[in-house]
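Enquirer: Residue numbers (this note's numbering), protein chains in the order written: chain A, 12 to 143; chain B, 176 to 388.
Built from N, CA and C at the ideal position, the CB exists for glycine as well.
Handing you this structure, nothing more for now.
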Amino acid sequence: MLPFYSGSSDFSPKAEFSNSTGLFELSGVSRPENVSAFYSQLIDWLKAYEQECVQAGSWPGKGIRVNIKLTYCNSASSKYIFQMLEIILSWKKYGIQPVINWYYDESDDKMRDDGQDLADALEYDFNYLTLN
Amino acid sequence: MPYKIRALPETKSSQNSFHTWLVQSKPIILNGHISLNPYLLENYTLLDHQGIIHYETIGELIHTFKDQIHARGIQTGTYKKVLLVMIESLENIMKHSECCPSGQAPGTKYTPVFTVRKNLGQFIILSSNAVKKQNIPPFKDKLDYLNTLDQQGLKEFYKKTITNGLFTNRGGAGLGLIEIAKISGKKITYEFSPIDDHCDRFNMTITIDETAN
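And the structure:
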């Protein structure tokens, strides 16, 4: 299985999902023209990755880490990010304890609040970190 | 010596024409000095768009808005709130505008209008577009429901909607208006005014207080 990479554009985020390290990172802004198409490919990749790990009977040694480093996202993107994280958190059934790092600009309370709203909806604790 | 405009006394009846005059006024040049009325510096129009909203239009409006942030001294916290309300409002127009054949000249009764103004310490975001009458009842119900909720209620409604897994056939997540209400922290002001037998014009005004950071 290949890692997933999608470069950022003016209004689409950069996505770097590594199958070998288990680090999934989303950065930039998220308002892609076709939100469904953009996030469906990430969701499909995650489902294929889960199958591969289950079949191999092994997960990355460092566990699963998710870095969300968005400066803004539209509401449709938020719903897809929720679905992505829901899939990743479902891997707790395999004994995985995913770490979700939510990055935000120090002066941007709104982005931090968005992270807290997602964490509340997922009923899971995120780490909140400021962007350099 | 820079020329100063003495503020005119305001009355309720004169307020609208006074504000119109201020918005339309140009900088005053006297003896080589340019002086702006302080009132003009505090009250201005950031965006004024008339025309069909496409995906690219939203991008252009975002860039136009961003280009003015530093010059206007708008702080990050306020900028992000206005930006996100802008995006959700414009995406609503893009997805839900009706009765507006493509290629139609601006200025017709079906043409979407979108403006962002600063006035007396508040940012006022006005969106206006034609909607089919048959789509109004559930839309109006949602707006009225949102206007009954406080911040906690909005958070709970947001959670319920983001977890339901549903998307509209136009790719909407059902979160846009909730997000707008959460950010504004004020009631959504709206009205529907008839255009013809099939369409009404939907006008929505969102107010965001300027914050210190």
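Under the criterion of a Cβ to heavy atom distance below 6 Å, does B:R292 qualify as lining the ligand NAP?
Expert: You won't find the ligand NAP in this model; it holds no ligand whatsoever.
Enquirer: For a minimum of 4 consecutive residues, which ranges assigned as the alpha helix (DSSP H) are wholly contained in the stretch 75-117 of chain A?
Expert: 86-101
Enquirer: Looking at B:K241 and B:I358, is the spacing between their C-beta atoms short of 7 Å?
Expert: no
Enquirer: What span of residues does the alpha helix (DSSP H) with B:N378 cover, start to end?
Expert: Where B:N378 is concerned, there is no enclosing alpha helix (DSSP H), although the beta strand (DSSP E) it sits in stretches over 374-384.
Enquirer: Count the other CB atoms, across all protein chains shown, that sit within 10 Å of the CB of B:E263; report buried if there are 16 or more and exposed otherwise.
Expert: buried
Enquirer: For a contact meaning CB atoms closer than 7 Å, what does B:G351 contact in chain A?
Expert: Near B:G351 (Cβ distances below 7 Å), the residues of chain A are S86.
Enquirer: Please report the distance separating the alpha-carbon of B:T239 from that of B:T382.
Expert: 20 Å
Enquirer: Name the chain A residues that come within less than 8 Å of B:G252, Cβ to Cβ?
Expert: Those are S118, D119, D120, K121, listed as they occur along chain A.
Enquirer: In angstroms, rounded to a whole number, what distance separates the CA positions of B:T290 and B:T220?
Expert: 8 Å
Enquirer: Using the beta-carbon of each residue, which ones in chain A are nearer than 7 Å to B:E354?
Expert: S86
Enquirer: How would you write the range of the alpha helix (DSSP H) that B:H224 sits in, first residue to last?
Expert: Element bounds for B:H224: not the alpha helix (DSSP H) but the beta strand (DSSP E), 219-225.
Enquirer: Counting only beta-carbon atoms, is A:E44 nearer than 7 Å to chain B?
Expert: yes
Enquirer: Counting beta carbon pairs with one atom in the stretch 242-250 of chain B and one in the stretch 334-350 of chain B, are three or more of them shorter than 8 Å?
Expert: no
Enquirer: To the nearest angstrom, report how far apart A:Y114 and B:G296 are at their CA atoms.
Expert: Those two C-alpha atoms are separated by around 30 Å.
Enquirer: DSSP on A:I54, reduced to helix/strand/coil?
Expert: helix
Enquirer: Count the other CB atoms within 10 Å of the CB of A:V46; is the residue buried (16 or more) or exposed (fewer)?
Expert: buried
Enquirer: Going by C-alpha distance, which of A:D120, A:S38, A:D55, A:N138 is nearest A:Q94?
Expert: A:D55
Enquirer: Kindly list, in the order they appear in chain A, the residues whose Cβ is closer than 7 Å to that of B:L258.
Expert: Y83
Enquirer: List the endpoints of the continuous beta strand (DSSP E) containing B:I300.
Expert: Where B:I300 is concerned, the enclosing beta strand (DSSP E) stretches over 297-307.
Enquirer: Would you say A:F49 lies against chain B (beta-carbon separation less than 7 Å)?
Expert: no
Enquirer: Compute the Euclidean distance between the alpha carbons of A:I107 and A:S101, then round it to the nearest angstrom.
Expert: Roughly 9 Å separates the two Cα atoms.
Enquirer: Rounded C-beta distance between B:K308 and B:D375? I'm assuming under 8 Å.
Expert: Going by Cβ atoms, the distance from B:K308 to B:D375 rounds to 6 Å, so yes, they are a contact pair.
Enquirer: Looking at the secondary structure, which residues open and close the alpha helix (DSSP H) in which B:C253 lies?
Expert: According to the sequence shown, residue 253 of chain B is Thr rather than Cys. B:T253 -> alpha helix (DSSP H) spans 251-271.
Enquirer: Do you know how far the Cα of B:D372 is from the Cα of A:A59?
Expert: 51 Å
Enquirer: Distance cutoff 7 Å, beta carbons only. Does A:K90 sit that close to anything in chain B?
Expert: yes
Enquirer: Please state whether the Cβ-Cβ distance between A:F35 and A:F28 is less than 7 Å.
Expert: yes
Enquirer: On the criterion of 16 or more Cβ atoms from any shown chain inside 10 Å, does A:L142 qualify as buried, or is it exposed?
Expert: exposed
Enquirer: Are any of the Cβ atoms in chain A nearer than 7 Å to that of B:Y219?
Expert: no
Enquirer: Scan the stretch 221-250 of chain B for residues whose Cβ lies nearer than 7 Å to a Cβ of chain A and list them as they occur along the chain.
Expert: Within the stretch 221-250 of chain B, the residues whose Cβ lies closer than 7 Å to some Cβ of chain A are Y230, G234, listed in chain order.
Enquirer: What did DSSP end up calling B:A348 once you bin it into helix, strand or coil?
Expert: In this structure, DSSP gives B:A348 a state outside helix and strand, which the three-state scheme calls coil.
Enquirer: For a contact meaning CB atoms closer than 8 Å, what does B:G360 contact in chain A?
Expert: Neighbours of B:G360 on chain A: none; closest Cβ ~12 Å, over 8 Å.
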